[in-house]
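Numbering (UniProt numbering), first residue to last: 1 to 303. The beta carbon of each residue, even a glycine, is placed where N, CA and C say it ideally should be. Given the structure is predicted, the values throughout are model-derived calculations rather than measurements. To keep things clear, I will list the structure first and then write my remarks on it.
Put into structure tokens, the structure is as follows:
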């Protein structure tokens, strides 16, 4: 009998559900506190016992797994890897995990004209790690594009290596007239932007190449399109006619506003003629589910 082709199940729905499990557990713990200190302590002990049991089970699974390929698949599965990290069982060191995380977001950075190199990972003296990065290329459109770089890199690094205590950017020489990406990131850290929340949007998986669709996520109107095999998200606003992009059409990587007919390159941060640009938003797979990052304060493209 011929070998069956290996297929991997689509776990996007369950991944999205379990990603929020930590928040739900914390909510239940807080509710137990209403029953008094004794009830809260018993709830904490219960959680510790359950975590210890599952940690021991995971350790036994790794000990019994003598197939390097299977062990590697476990280590690179987002959900399993997160559990291994919680219990200190992940087989990859912090440098490998950070490097792999950057590889996953590198295509996204490339769509904004940039890239990132991992310079080193060092100890911070308090049990944590400091990651030093160097950005190459440039953010050719605006600070809001730099926000997408910042969020993509920071989220990827911290998800893969929660023990990282700081992410530092090493300055690189840039051609005159180009705003260094690291300078934009430093500005974004100090300009008072609100916190960022990643919102899973599993409906985006159904978008086919060339399709454009509007979505409302956490009260924000978004336009999402798929050029070739990549999806891109922007705020639903044309900077030229100051109107909605509803009804826009995508041809290759050019998105045409249905009102003013201006075309924007969605594969390169939404840049249009004369330096105008759409307002890009980070759109990356998290635990197998496409998710968009939104700040509490709107990014808003400058005029």
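Here residue 231 is buried, its C-beta having at least 16 other C-beta atoms within 10 Å. The residues 256, in chain order, have a CB closer than 6 Å to that of residue 249 in the same chain once the five nearest residues on each side in sequence are set aside. Check the Cα spacing between residue 133 and each of 98, 223, 21 and 163: the tightest is with 98. The region 233-252 makes contact with the region 264-276: 3 or more CB pairs, one atom from each, lie closer than 8 Å. In the same chain as residue 90, and ignoring 5 residues on each side of it, the C-beta atoms closer than 8 Å to its own belong to 75, 81, 84 and 97, in chain order. Ranked by how close their Cα comes to the Cα of residue 209, the residues 219, 227, 197 and 159 have 227 in first place.
Rounded to whole angstroms, the separation of the alpha carbons of residue 135 and residue 116 is 4 Å. At the C-beta level, residue 214 and residue 163 stay beyond 8 Å of one another.
Membership of residue 262 in any beta strand (DSSP E) is not indicated, and neither H nor E is assigned to it by DSSP. Taking a C-beta distance under 8 Å as the contact criterion, residue 289 and residue 217 do not qualify as a contact pair. With fewer than 16 neighbouring CB atoms inside 10 Å of its own CB, residue 107 falls in the exposed class. Here the alpha carbons of residue 254 and residue 263 stand approximately 6 Å from one another. Assignment of residue 237 by DSSP, reduced to helix, strand and coil, places it in the coil class. Contact annotation: residue 152 and residue 284 have beta-carbon atoms nearer than 8 Å. Contact check for residue 102 against residue 34 fails: the beta carbons are separated by 8 Å or more.
Residue 95 sits close to residue 121, with the two beta carbons spaced by under 8 Å. Counting the other CB atoms within 10 Å of its CB gives residue 201 a total of 16 or more, which places it among the buried residues. Of 225, 234 and 28, the smallest CA-CA separation from residue 40 is found for 28. Checking the DSSP bridge columns, you'll see residue 120 partnered with 132.
Contact between residue 149 and residue 110 does not hold, since the beta-carbon distance rounds to 11 Å and is not under 8 Å. When secondary structure is reduced to three states using DSSP, residue 65 falls in the coil class, being assigned neither helix nor strand.
Looking at 60, 52 and 154, the one whose alpha-carbon comes closest to that of residue 282 is 154. Distances from the alpha-carbon of residue 266 to those of 211, 220 and 286 put 211 closest.
Taking the CA atoms as reference points, residue 247 sits about 14 Å from residue 235. By the CB criterion at 8 Å, residue 229 and residue 165 fall outside the cutoff.
The residue among 169, 119 and 159 with its C-alpha nearest the C-alpha of residue 105 is 159. Under the DSSP assignment, residue 293 falls in the beta strand (DSSP E) whose first and last residues are 289-295. Rounded to the nearest angstrom, the gap between the Cα atoms of residue 199 and residue 112 is 21 Å. With 16 or more other Cβ atoms inside 10 Å of its own Cβ, residue 272 counts as buried.
Here residue 243 carries a strand assignment [DSSP, helix/strand/coil].
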